[in-house]
Amino acid sequence: MGLPDDYRAMARIRRFEERLAALKDDGEIPGSIHLCNGQEAIPVGAARALRDGDHVTATYRGHGWALARGVDMAGLFAEMMGRDSAVNGGRAASPYLSDPSRWFMGENSIVGAGVPIATGAALTAQRTGSGAVSVVTIGDGAMNQGNVHEAINLAAVLDLPLVVVVENNVYSEMSRIEDMVRIRQLAERAAGYGIPGRVVDGNDADAVADALTEAVTRAREGSGPSIVEAMTERLVGHYSGDVQHYRPAGEIASAREREPLARIRAAADAELTARLDAVDAEVEAEVEAAVTAAREVPYPDPATVKEHVYV
Amino acid sequence: MSESLRYIQAVNAALTWALDTRTDTVYFGEDVALPGGPFGATKGLHKRFGSDRIFDTPISETGFLGMALGSAMTGLRPIAEIMYADFSFVAMDQIVNQIATIRYSSGGRWKAPLVIRMQQGYSPGACAQHSHSPEAYFAHTPGLRVALPSTPDDAYQMLRTAVTSDDPVVVAEARMLYPTKGPVRTDAPVEPVGGARVVREGTDATVVAWSRMVPAALAAAGTLAEEGIETEVIDLRWLNPLDFDTVGASVSRTGRLVVAHEANLTGGFGAEIAARAADECFADLRAPVARVATPDVPMPAAPALQKAVVPEAAHVVEAVRRTVRR
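So the sequence lines, in the order shown, correspond to chains V and B. My numbering applies: residue -16 is where the first sequence begins, and numbers increase by one. My numbering applies: residue -10 is where the second sequence begins, and numbers increase by one.
In C-alpha cells form, the structure reads like this:
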C-alpha cells in the first residue's frame, strides 16, 4: 500500500481510459464509452478495503472498478473492441461487462439497477455465512432512482453486508446534481434508511480506503449496510461524444488541479517525481502491450450469436 | 403416489419440496412468511423452515427481484414471489434488462437460476391493475423460461421443474383455478423444462390453450362433441421453450387451429402461435387460424362488464364452429 502502489493503480486506470478514448477516435471501439478520468481514487481506495470473494457491482462508468478488482486489461480492451474476449466474448462491450473470476458482478447500463443486484450478492453472503461483503458503486444521479431506494431499504431491514459507494462527480449525466436534489450531500439520505452515511474526499485514495474499511468492517461483522459518498469531479464528458457545452468555462481546468494524480504530483519532491515518472513509463508500456494483445484477439464468430441465451 | 389436492395446495407442496430438498433455495416476497401469502401458497412454510429460508420483504418488487438475481448469480437458488402478476410491471427493468440478459451478455459466465412466481388473470370485481395476463411480455423476452400451469398436478410438477432449472423461470399461475382439485403425483420425478400436452384427442380442429383457458377449452370440446365436432385440445404449458412440434403435428391431422388465451388479443401469444402455424402448417390449414382472447380493453372491474369481455368455453365453441364450417 502507500503512495507508489496507489499511484500505479490510479495511473493504470487513467492511461487505460485515455488510450480507450484514442482508440474510440481511431474507430477501433464501436459504441459509446463512459470514462472515469478524475475518479480513479475511488475504486483504488475501495479495493484496499476488499478481499477475495467480496463482490463489486459497478455502473457503465466502471472500467476503473474492473481494473482495480483485477480484471485483465487486455481482455477489457478486446471486449470493448467488439472482439471475442475472455471477459464476455464481445457480448457486453464497455457498459455491461463482468468477470465472475474477479467477483466483478458487472457494470450496468441502467442507472441504479446494480444496487438491487448487489443486494442479492449480500444476501448470499449473509445466508451462507461466507463473510463476504458486497460493494456497489453508483453515481450521484442514481440516488434519484427508485431501484436504489428500494434496494438500500431492503438491505437495511435485512441487515445485509452491503456498502453503497456514491461517486458524486457533480453531474447527473449532463445536468448538475444540485439542480436535481434538495439536499447538500447525498449521504444525508442514509438517515432516512436508518444506516450510517459518510462523505469523503473521493480524490484521496487514503480517505476512500479509510471510509470503505469502516463500512466494509461494519458489513462483515453483520451490522448492515452503509453509504459512502465520495466527492470527485469528472475530467471528461458523460460519454465519448459529449462536448460538455453545459460546463462553465474553467471548471475542467480547475478540476485538473484537484484530481488525484495531479494532487500526488503537486506534493512530490524531486525524488518521488522521478519514481512517479518511472511508474508512468511502466504503465504506458503495460497499456500498449495490452492494446497489442487485444488486437490479436479474433472477432467473434457470427455463428455463435445465439449461444448463451440459456444454460 | 398421487394425492388429491387443490391447485393452491399443490403450489404449497411444491414449495415445501423445494425448501426441503434444496438447501440453496430461499423464498421471499411480500407477506409470504408470517402471513403465509394472501392465497395461502406459503402457509406453514415459515414455521417449518424459519426466517433463514423464507422471509418477508418490503413492498419493493424492483428491489427484491434484483436481490433474487444477485443471489442467484452468487450461489443461491431464490424463488421470488410477485403477489399479483400486475406488480411485475414495476420491476420490468430487473426482469427484462437484468435477469434475462446476464447470462447472454456475460458470454455465459454467469447464470441466474431463479424463479419468479406469480399469479395472474381476472377475478370477479378485480380492477385492471389486478387482472393482467402478462405472459406475452415474458415470452417475448429472450433469456426467460415461461411456465403457465393449468392443473394442480402441473402446478406441482412445473414449479418443481422451474426450481431445478439453471435458467430464470417465470411461473404464472391462474388465480381463478386455485380452488380446483385434482390428482397430484407427489412422488413423480422432476420433469425437464418444456413440453406441450395433448389433453383431449380429436380429429376436426385443434385448440391450443394455456392457463385458465385449458379447462374452458376442454368444456368447449365436450359441447362440440355433442354436435359431432371432435376437438383436439393442447395445453401449451410452457410458452418458452415453445413446443410447436406438438401443435404442428396436431394441425397436420385436424387442418384447423384455434388459439385461446385470457390475455387481450393484440400482440398476445396467440398471435405468435398463429404466425408459426402460417409458417410451418400453411399447407395443412383448411381454414384461417382463429383466436379467442379478451378484446383490447383494460379489464373492467364490474362483473357485468367483465362478462362482456372475458373469454369462456362458449367463445371457444363459437370459434371452433366457425373454423370447421369454413
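Note that CB positions come from ideal geometry on N, CA and C, so glycine has one too.
Contacts that residue i makes with chain V (C-beta to C-beta distance below 9 angstroms)
i                : result
Asn320 (chain B) : Nothing in the structure corresponds to residue 320 (chain B), since chain B is present only between -10 and 315.
Pro47 (chain B)  : Glu133, Asn136, Leu137 and Val140
Cross-chain neighbours of residue i in chain B, by beta carbon under 7 angstroms
i                : result
Arg110 (chain V) : Val15, Asp41 and Leu65
Gly72 (chain V)  : Gly96
Ile178 (chain V) : Near Ile178 (chain V) there are no residues of chain B at all, since even the closest Cβ is about 14 angstroms away, more than 7 angstroms.
Pro285 (chain V) : Those within 7 angstroms of Pro285 (chain V) in chain B number zero; the least Cβ separation is about 15 angstroms.
Tyr79 (chain V)  : Ser94
Thr107 (chain V) : Ser60, Thr63, Gly64 and Leu65
For residue j and residue i, believed in contact at Cβ under 8 angstroms, the rounded distance
i                 : j                : result
Val196 (chain B)  : Ala210 (chain B) : 7 angstroms
Tyr93 (chain B)   : Arg74 (chain V)  : 6 angstroms
Ile(-4) (chain V) : Leu3 (chain V)   : At roughly 10 angstroms, the Cβ-Cβ gap does not stay under 8 angstroms, so Ile(-4) (chain V) and Leu3 (chain V) are not in contact.
Val98 (chain V)   : Ile135 (chain V) : 7 angstroms
Thr215 (chain V)  : Glu150 (chain V) : 6 angstroms
Val309 (chain B)  : Thr243 (chain B) : With 8 angstroms as the limit, Val309 (chain B) and Thr243 (chain B) do not qualify as a contact, their Cβ atoms being about 10 angstroms apart.
Arg164 (chain B)  : Gly110 (chain B) : 6 angstroms
Gly132 (chain B)  : Ile71 (chain B)  : Incorrect: roughly 18 angstroms between the Cβ atoms, too far for contact.
Val94 (chain V)   : Gly124 (chain V) : 6 angstroms
Arg245 (chain B)  : Asp193 (chain B) : 7 angstroms
Where the beta strand (DSSP E) through residue i begins and ends
i                : result
Thr14 (chain B)  : Thr14 to Gly18
Asp142 (chain V) : Segment: none, Asp142 (chain V) is in no beta strand (DSSP E) and carries neither H nor E.
Glu323 (chain B) : The displayed coordinates of chain B run from -10 to 315. Any statement about residue 323 (chain B) would go beyond what the structure contains.
Asp284 (chain V) : Asp284 (chain V) -> no beta strand (DSSP E), and no H or E assigned at all.
Asp45 (chain B)  : Ile43 to Asp45
Arg106 (chain B) : Val104 to Gln109
Glu70 (chain B)  : Arg66 to Ile71
Gly171 (chain B) : Lys170 to Val173
Gly180 (chain V) : Gly180 to Asp184
Gly124 (chain V) : From DSSP, Gly124 (chain V) is part of no beta strand (DSSP E); its letter is neither H nor E.
Proximity of residue i and residue j at Cβ, strictly below 8 angstroms
i                  : j                : result
Ala76 (chain V)    : Gly65 (chain V)  : yes
Gln146 (chain B)   : Ala117 (chain B) : no
Val70 (chain V)    : Ala51 (chain V)  : no
Gly305 (chain B)   : Val286 (chain B) : It should be noted that the sequence gives Val, not Gly, for residue 305 (chain B). No, the Cβ-Cβ distance between Val305 (chain B) and Val286 (chain B) is not below 8 angstroms.
Ala57 (chain V)    : Ala277 (chain V) : yes
Ala2 (chain B)     : Val173 (chain B) : yes
Gly52 (chain B)    : Thr102 (chain V) : yes
Val188 (chain B)   : Ile223 (chain B) : yes
Asn91 (chain V)    : Tyr43 (chain V)  : yes
Leu65 (chain B)    : Ile84 (chain B)  : no
Met62 (chain B)    : Ile91 (chain B)  : yes
Ala(-1) (chain B)  : Pro204 (chain B) : no
Ala295 (chain V)   : Ala251 (chain V) : Any answer about residue 295 (chain V) is impossible in this case: the structure gives chain V only from -16 up to 294.
Ala194 (chain V)   : Gly180 (chain V) : no
Pro(-13) (chain V) : Arg258 (chain V) : yes
Asn350 (chain B)   : Thr212 (chain B) : Nothing in the structure corresponds to residue 350 (chain B), since chain B is present only between -10 and 315.
Glu50 (chain B)    : Ala22 (chain B)  : no
Thr130 (chain B)   : Ala89 (chain B)  : yes
Asn127 (chain V)   : Met163 (chain V) : yes
Contact list for residue i against chain B, beta-carbon separation under 9 angstroms
i                : result
Thr102 (chain V) : Gly52, Phe53, Gly55, Met56, Gly59 and Ser60
His38 (chain V)  : Gly59, Met62 and Thr63
Ala75 (chain V)  : Ser94, Ser95 and Gly96
Glu290 (chain V) : Tyr93, Gly96 and Gly97
Opening and closing residue of the alpha helix (DSSP H) in which residue i lies
i                : result
Gly28 (chain V)  : Ala24 to Arg31
Val309 (chain B) : Ala302 to Arg314
Ala61 (chain B)  : Glu50 to Met62
Leu59 (chain V)  : Met56 to Met63
Lys289 (chain V) : Counting along the chain, Lys289 (chain V) falls outside any alpha helix (DSSP H), and DSSP gives it neither H nor E.
Phe87 (chain V)  : Unbroken run through Phe87 (chain V) is the beta strand (DSSP E), Phe87 to Gly89; no alpha helix (DSSP H).
Ser237 (chain V) : Glu234 to Arg241
Val98 (chain V)  : Gly97 to Thr111
Asn1 (chain B)   : Tyr(-4) to Thr10
Cβ-heavy atom distance, residue i to the ligand HEM, below 7 angstroms
i               : result
Gly14 (chain V) : For the ligand HEM, the structure offers nothing, since it holds no ligand at all.
Cross-chain neighbours of residue i in chain V, by beta carbon under 7 angstroms
i                : result
Lys100 (chain B) : Val294
Residue i: contacting residues in chain V (beta-carbon distance under 8 angstroms)
i               : result
Asp82 (chain B) : Ile93, Ala96 and Asn130
Residues in the segment 112 to 136 of chain V having any Cβ partner in chain B nearer than 7 angstroms: Gly129, Asn130, Glu133, Ala134 and Asn136
Residues of the segment 124 to 141 of chain B with Cβ closer than 8 angstroms to any Cβ of chain V, in chain order: Pro131, Gly132 and Arg134
Residues of the segment 155 to 175 of chain B with Cβ closer than 7 angstroms to any Cβ of chain V, in chain order: Asp155 and Asp156
Members of the segment 281 to 299 of chain B that neighbour chain V once the beta carbon cut-off is set at 9 angstroms: none
Positions along the segment 242 to 259 of chain V whose CB lies within less than 7 angstroms of some CB in chain B: none
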